[in-house]
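Accompanying notes for the structure given below.
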């Protein structure tokens with residue numbers, strides 16, 4: 030079964046460039062203005078695994094079909110997206126459907142590339158996007174919860190279970206914490222059915238300039254500290270260089 034990752038972030042942080050690098054295509058438009066991506070770009074990439082070849086030899090398999098990763102390049106979110114700013118809820122709906130979130134953060138200075146907030150600050154940008162996702166999740170739950178609470182008082186067992194799951198999540202979101210912080214390990218499968226964006230695992234991608242691709246920079250160091258506090262993963266890449274390399278013949282890429 031394939032795994033589906035949504036690529037999110039503010040406009041002009043390198044989401045489409047990263048998508049092109051990951052999928053080894055130039056399918057996603059990457060331009061220096063907000064919302065150059067309108068509809069989400071979708072790409073599927075086979076995941077190489079040498080163990081498959083060993084198993085195929087043992088089992089004398091005729092065909093090897095590796096699992097795949099699906100990447101969804103979702104148009105840029107902006108402050109107020111949960112209330113419809115930018116292209117707002119149209120984008121949020123795309124995020125609800127993915128298994129995990131790749132959050133691209135701009136970690137490079139470039140006067141020729143517009144930043145919607147006016148300055149480069151990846152931690153602030155991460156908080157902006159996370160806040161919009163939390164507000165949208167909270168709005169979704171608050172619309173559903175009153176009916177379920179009413180049914181739960183009447184003794185409906187399914188509603189009682191749903192209320193027990195949702196109320197701590199609502200409390201966390203109201204307190205400015207993502208849904209994932211209020212979901213117990215035993216409730217993970219049930220929580221998936223709620224399609225909450227802040228319940229999904231997050232990988233932060235620090236998009237740096239070419240010179241910092243190997244070592245990172247001061248911006249990516251701040252993201253590393255944030256990821257550690259949250260228990261999230263992070264990687265440092267130069268998306269522009271990776272996208273260029275992905276277009277080279279296989280023999281020339283190394």
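Residue numbers (this note's numbering): 30 to 283.
Yeah, the Cβ is synthetic: ideal placement off N, Cα and C, and Gly gets one too.
Every value quoted in this text rests on a predicted model; they were computed, and no experiment measured them.
Residue 38 and residue 89 have their alpha carbons spaced roughly 45 Å apart. For the 7 Å CB-CB criterion, residue 165 and residue 134 do not form a contact.
Distance from the CA atom of residue 84 to the CA atom of residue 32, rounded to whole angstroms, is 22 Å. Here residue 232 has 131 and 262 as same chain residues with Cβ atoms under 6 Å from its own Cβ, once five neighbours each way along the sequence are excluded.
Sequence-distant Cβ neighbours of residue 225 in its own chain, meaning closer than 6 Å and more than five residues away, are 166 and 208. Judged by DSSP in its simplified three-state form, residue 41 adopts coil rather than helix or strand. Here the alpha carbon of residue 158 sits roughly 18 Å from the alpha carbon of residue 199.
An exposed status is given to residue 230, since fewer than 16 other beta-carbon atoms sit within 10 Å of its beta-carbon. Apart from the 5 residues on each side of it in sequence, residue 190 sits with its Cβ closer than 8 Å to the Cβ of 219 in its chain, given in chain order.
In the DSSP assignment, residue 100 forms a beta bridge with 34 and 72. The beta-carbon separation of residue 35 and residue 52, rounded to 14 Å, does not stay under the 8 Å limit for a contact.
Nearest C-alpha to residue 103 among 244, 221, 152 and 48: 48. Close CB contacts of residue 129 within its chain, under the 6 Å cut and outside five residues either way in sequence, are with 34, 229 and 230 (chain order). Residue 174 is a Cβ neighbour of residue 195, given a cutoff of 7 Å.
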